[in-house]
Each structure stands twice: as structure tokens, then as C-alpha cells.
Amino acid sequence: MKPVEHRRDARDPKPGPDPDEEIQVLKNQPRYAEIAVTSNFSFLRGASKPDELVLTGYAYGYEAIGIADRNTLAGVVRAYAAMKDPRLKEKKPKLMIGARLVFADGTPDILAYPVDRPAYGRLCQLLSHGKLRVPAGAKRATKGECTLFFRDLAKKHVESDAHPRHEGLLFVVMPAREESLDAVKATLKALRALAPGRVWLAGAMLYHGDDKRRLRRLNRLARECRTPLLAVNDVLYHDAERRELQDVVTCIREHVTIDKAGKLLEANAERHLKTPTEMVRLFHDYPDAIAQTVAFASRITFSLDDLQYNYPHEPVPPGKTADGHLRDLTWEGAARRYPEGIPEKVRAAIEKELVIIEKQRYAHYFLTVRDLVHYANGKNILCQGRGSAANSAVCYCLGVTAVDPMQIELLFERFISAERNEPPDIDVDFEHERREEVIQHVYKRYGHHRAALTATVIHYRPRSAIREVGKVFGLTEDI
Numbered sequence: 004m005k006p007v008e009h010r011r012d013a014r015d016p017k018p019g020p021d022p023d024e025e026i027q028v029l030k031n032q033p034r035y036a037e038i039a040v041t042s043n044f045s046f047l048r049g050a051s052k053p054d055e056l057v058l059t060g061y062a063y064g065y066e067a068i069g070i071a072d073r074n075t076l077a078g079v080v081r082a083y084a085a086m087k088d089p090r091l092k093e094k095k096p097k098l099m100i101g102a103r104l105v106f107a108d109g110t111p112d113i114l115a116y117p118v119d120r121p122a123y124g125r126l127c128q129l130l131s132h133g134k135l136r137v138p139a140g141a142k143r144a145t146k147g148e149c150t151l152f153f154r155d156l157a158k159k160h161v162e163s164d165a166h167p168r169h170e171g172l173l174f175v176v177m178p179a180r181e182e183s184l185d186a187v188k189a190t191l192k193a194l195r196a197l198a199p200g201r202v203w204l205a206g207a208m209l210y211h212g213d214d215k216r217r218l219r220r221l222n223r224l225a226r227e228c229r230t231p232l233l234a235v236n237d238v239l240y241h242d243a244e245r246r247e248l249q250d251v252v253t254c255i256r257e258h259v260t261i262d263k264a265g266k267l268l269e270a271n272a273e274r275h276l277k278t279p280t281e282m283v284r285l286f287h288d289y290p291d292a293i294a295q296t297v298a299f300a301s302r303i304t305f306s307l308d309d310l311q312y313n314y315p316h317e318p319v320p321p322g323k324t325a326d327g328h329l330r331d332l333t334w335e336g337a338a339r340r341y342p343e344g345i346p347e348k349v350r351a352a353i354e355k356e357l358v359i360i361e362k363q364r365y366a367h368y369f370l371t372v373r374d375l376v377h378y379a380n381g382k383n384i385l386c387q388g389r390g391s392a393a394n395s396a397v398c399y400c401l402g403v404t405a406v407d408p409m410q411i412e413l414l415f416e417r418f419i420s421a422e423r424n425e426p427p428d429i430d431v432d433f434e435h436e437r438r439e440e441v442i443q444h445v446y447k448r449y450g451h452h453r454a455a456l457t458a459t460v461i462h463y464r465p466r467s468a469i470r471e472v473g474k475v476f477g478l479t480e481d482i
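Basically our numbering = 1-based index in the sequence shown + 3.
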């Protein structure tokens, strides 16, 4: 049977619009939320950027759209930023923050969405646990891997936690495309016992010629397990035209050329965002599966707007305020920096900065950085603040940076701006050989549960990308 290919309706807005073009929104669309969306932050699987997916969801008039990448939350920040696009003038879809949990024990993939901020924290803890898991016989976790087992959902992050990791998470079980439903049935029953009232079964069209029979089986299974059936398109890209790119990244992931990929590739170009009208047409026999997408989205109140910086209070002595202590340390440091008298230019800069720091409530942050630098100096560990913090007289007086404000024209607004309303970024380099001492100090003073090592998401540079794509098409590297 010939695969059904997507044909764009002339009335459809063009997905992934140019930044300078107005976004046209489809009118009179039925209510629908797409729950299962994979972005290119699922490395070598998704073929569209989070912003392309979000803007297309807006153009299609979605009620909500959920970004759920494989064992990561890395793509949600760019999706969140896309929601701030000034061209989004009409009703915006709710952005649901989630992750696609991929397990190492044969459990089918499960989409996990936190309903509130505490649940988001537990989802982060779950993913961190998987990434830090050390394989049997190994000395450290495998870089880039996240090893999860179904039993991890029932556990607490640490014994002192009041709630298990699954608390506050909504789950959607994703049946694999080719397997029997036995594993799905077992997972639904186990998950429903763990999280009653918070479990759904996903139903998606595969366009293999047996969709009606398959959806009937899924609907029967959902009723048997007393879990609602929920319509999804299990999206890999925002527009059907991206299917070719998705084929390429699949070949790169599987280390095969395009002419030998065969069934490793998707059979058609249907795993793109579809209009609500199209989804309703596809699931016309299961209207409740469409309604469940909106019901699912309505239970989620969490947004990245709920997150804020909670700075440590340890650096503030009893009986003092953070702003008062910072002011005292700054003027003490200024007296040491300028033993012959603090220049008027520096005095003015300090006063100006302290007023802004107090207004923005950043004193705890400055005190925390100063605490780390003070510890390093006391242990003769070389350290140096850099970057935009060099524009701060307060940082110089605290000993964080070494740039004398008398020698340069300070541009403090590059460092902190009330208009931007963004926390400052103070980069401090510690000598490599003794960095671990500073890390252990952080753990001891502030606690392991309040400290984390961060990592960046790697991506292809142009030269590497061209080389990998060339391999897919059978080209040699000397071409």
C-alpha cells in the first residue's frame, strides 16, 4: 500500500515563519493539544528546532503543545523563549514542559509532564539519577547516557524526601510501533497502581494500512486498564518537508548510508504537526481521545515562569541583612584596595551599584560568589573572576575581579541592568589542579542537594555536519 503523504492545504500558514513575517493563525479550529513532540534536542532523532515547533503550534491554533525530548529537558528553554516572540499576539498555546522517559529494562517509552513546580523538581531529580547511574563493573557513569528503570519512578530521590519521584507527574504510555501490546498492558497496570488518575495511553496513526484495527486494540486496552486513550501524532518535525532531514539524521545515528537504510527510516512523512481539524478527522471514531488532550493540558499549571533564583543564606552572619553585609564587605574591600583613600570616582560607582543590587535583590548572589573566592584565597587556590563582572566596582572591592575601576570606564549596565531584569553572571576560574577542593567546599558548606555540575548540549559545527551528511550519501571525505 502506498504511504499517505502530506499535502499542504493552500490555507495552511507556513510553519517556521521568517522572523520578520507576521504569523497567520488558522481560525475556527477545534480544541486540540499535541502532547508528544520531539525536538532536535533529542539528538539525531528530532528534525525541527523547539521554536519552529512552538510557532507552528501557535499558527495552527493549538490549545497546548508539549515538548518531551528523550531523557532530557534541554529543549524546553528555547521553546519557552519562542513563546515570548512579539509576533504571538493572539491566544498562545500553553507550553507544557516534559520529557520522554526511555527505559533500559524493556518498559515502553513514557511521557512525563509535571503539573507544578515541586513535580518539575522531582522530574529533574529522576533524570539526573539516570544520568549519574554507574553501570555494573564501571567506575563512573557513561557520558551522554541516561539509564532509567521503571522502579526508579517509585523511589524517593533521597530518604529525607517526603514524596516519591512520580508524585505530581502526568504519564502517557507510548506503545512502540512494532511490538505487541503485552508490555504496554503490564506498564499501564503498574503505572496506574503507582499513580492512579494520572495515566493515559497514547494512540497514534502509523499509516501502515491497519490503523483502524490497531486503534480498536488500543481503545480496548485502555478500557481494560481503565486509562483514557489520548490522541497524539508522535511528532518528529514541524512540517512534512523536514522528513528528508529526519531521514539523514537517522542514517547518521545508525551509521548507514541512505541507500542501505531501508526500514530504519520512517515509512512516510506524516510525523509532523497537524492542524487540529486534521487530527479530529483522523480520530473521528474516537472523539474522546481528542478531548482527552485538552483535559490533560488543563491539569498542568507549571511554567518556567514559576522558577526563580533561591540564593543561599549561609554567607550572611546572624543579625545582619544580606544588603547590609554586602555593603560592609564592599567598603572594607575598598579600603584595602585603596589604602591612600578611596577615589571619588570609585565611591560613586560603588554607591550606584549597591543601590541597583539592593533593588534587584542580588545581594545573596554576590555574597555567595565572594564566599567561594574568599575560601580559595585562604587555601592559596588561584582564582580569577572574568567577563562582564569586570565592569563592577563591587566585584573588584570584594576581590572577585582584578580590574581596577580607576583604570577603565565602567559599563556596569553590561553586567546588571534593571531594564533587562536578568540575574548577573559572574564567571570565576579556579586553577584546574585544585578545582575539586572548591567543589568539595561547596558540597560541605551548602549541601549536595543544593549544588550541581552543569553541562552544555553539544552540536555539530558546520564542517562536521557537512562531513556526516556526505557519509550518508556515500561521499568520500576527500571530495
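All C-beta atoms in this analysis are idealised placements derived from N, C-alpha and C, irrespective of residue type, glycine included. All of these numbers come straight from a predicted model, not from anything done at the bench.
Please check the pair residue i and residue j, which I expect to be a contact at CB under 8 Å, by giving their CB distance rounded to whole angstroms.
| i | j | result |
| --- | --- | --- |
| residue 239 | residue 49 | 6 Å |
| residue 329 | residue 360 | 7 Å |
| residue 117 | residue 126 | 5 Å |
| residue 293 | residue 286 | 5 Å |
| residue 40 | residue 70 | 5 Å |
| residue 174 | residue 113 | 5 Å |
| residue 403 | residue 390 | Actually they are not in contact, since the Cβ atoms of residue 403 and residue 390 sit about 11 Å apart, beyond 8 Å. |
| residue 26 | residue 62 | 5 Å |
| residue 296 | residue 36 | 4 Å |
| residue 255 | residue 406 | That pair is no contact at about 45 Å. |
| residue 426 | residue 365 | 7 Å |
| residue 315 | residue 449 | 6 Å |
| residue 122 | residue 369 | Residue 122 to residue 369, Cβ: 32 Å. No contact. |
| residue 232 | residue 204 | 5 Å |
Mapping the DSSP letters down to three states, classify residue i as helix, strand or coil.
| i | result |
| --- | --- |
| residue 205 | strand |
| residue 44 | coil |
| residue 266 | helix |
| residue 299 | helix |
| residue 75 | strand |
| residue 275 | strand |
| residue 478 | coil |
| residue 172 | strand |
| residue 432 | strand |
| residue 67 | strand |
| residue 456 | coil |
| residue 317 | coil |
| residue 151 | strand |
| residue 165 | coil |
| residue 507 | Not covered by the structure: residue 507. The range shown for the chain is 4 to 482. |
| residue 240 | strand |
| residue 398 | helix |
Which stretch, first to last residue, makes up the alpha helix (DSSP H) that contains residue i?
| i | result |
| --- | --- |
| residue 369 | 366 to 381 |
| residue 387 | Careful: residue 387 lies outside any alpha helix (DSSP H), inside the beta strand (DSSP E) at 386 to 389. |
| residue 57 | 53 to 62 |
| residue 123 | 120 to 135 |
| residue 356 | 347 to 363 |
| residue 185 | 185 to 197 |
| residue 141 | Note, residue 141: premise wrong, no alpha helix (DSSP H); not H, not E. |
For residue i, is the classification buried or exposed, using 16 other Cβ atoms within 10 angstroms of its Cβ as the cut-off for buried?
| i | result |
| --- | --- |
| residue 464 | exposed |
| residue 102 | buried |
| residue 96 | buried |
| residue 213 | exposed |
| residue 312 | exposed |
| residue 206 | buried |
| residue 457 | exposed |
| residue 135 | exposed |
| residue 481 | exposed |
| residue 374 | buried |
| residue 166 | exposed |
| residue 169 | buried |
| residue 198 | buried |
| residue 31 | exposed |
| residue 509 | Here the chain comprises residues numbered 4 to 482, so residue 509 is not present and cannot be evaluated. |
| residue 249 | buried |
| residue 376 | buried |
| residue 419 | buried |
| residue 424 | exposed |
| residue 13 | Note that residue 13 has pLDDT 39, beneath the 50 cutoff, so the model's placement of it is unreliable and no number is given. |
Could you check where the beta strand (DSSP E) with residue i kicks off and where it finishes?
| i | result |
| --- | --- |
| residue 117 | 113 to 117 |
| residue 104 | 97 to 104 |
| residue 235 | Element bounds for residue 235: n/a, residue is neither H nor E. |
Under the criterion of a Cβ to heavy atom distance below 8 Å, does residue i qualify as lining the ligand GDP?
| i | result |
| --- | --- |
| residue 449 | The ligand GDP is not among the ligands present in this structure, which contains no ligands whatsoever. |
At least 3 beta-carbon pairs within less than 8 Å: the region 265 to 276 vs the region 229 to 249: yes
The region 222 to 229 in contact with the region 430 to 444 per 3-pair CB rule at 8 Å: no
State whether the region 348 to 357 contacts the region 378 to 386, with contact taken as three or more CB pairs (one from each stretch) at a distance under 8 Å. no
For the region 214 to 222 against the region 253 to 269, are there 3 or more C-beta pairs whose distance is under 8 Å? no
Take every Cβ of the region 59 to 70, pair it with every Cβ of the region 78 to 92, and state whether three or more of those distances are shorter than 8 Å. yes
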